[in-house]
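Numbering-wise, numbering that gives the first Met the number 0 puts 101 at position 102 of the sequence shown, and it's gapless, one number per residue. Here is the structure we will look at.
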Amino acid sequence: MKITYEEIYLHVLPALESKKSEFEVYRYKKVSEQDIWNFCITKKWKKKIVPEIPLHHIVNDILSISPAEFMTFEQIENSKTSNWFSDINQEELQLLLNPKKEAE
């Protein structure tokens, strides 16, 4: 029987809660256990098969995350998903990207 991501998450939830509490000490109050879990899956274990990682390695990886490492990842992810041109309409975007020279 293969263990699922959800089962692993439930097993390591105390470590995630501990890391969340540590981040709160550094005034990162909006970080959740799920945010830390997503960071691990997306960044720490990007090229690994998580159910095959020994549980003690998973816990160690969670507890060794630095606030700087996590926040850098969050900033990069947010910049990837941000639509910088959401406040302008299609016509303004076209003018910005392909300006026409005015006749003199």
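Built from N, CA and C at the ideal position, the CB exists for glycine as well.
Just curious, the alpha helix (DSSP H) that residue i is in, first and last residue?
i: W36; result: E32 to F38
i: V49; result: Per DSSP, V49 belongs to no alpha helix (DSSP H) and is neither H nor E.
i: I64; result: Here I64 belongs to no alpha helix (DSSP H), and DSSP marks it neither H nor E.
Taking DSSP as the reference, what is the three-state secondary structure of residue i?
i: N97; result: coil
i: T3; result: coil
i: Y25; result: coil
i: E91; result: helix
On the premise that residue j lies in contact with residue i, defined as a C-beta separation below 8 Å, what is that separation, rounded to the nearest angstrom?
i: E32; j: E6; result: That pair is no contact at about 15 Å.
i: P53; j: K1; result: In fact, because the Cβ distance is near 15 Å, the residues do not count as touching under 8 Å.
i: Y25; j: P66; result: 5 Å
Measure the alpha-carbon distance for residue i versus residue j and round it to whole angstroms.
i: D60; j: C39; result: 8 Å
i: L95; j: N88; result: 11 Å
i: I64; j: V58; result: 10 Å
i: P98; j: E90; result: 11 Å
i: M70; j: Q93; result: 34 Å
i: N77; j: K19; result: 20 Å
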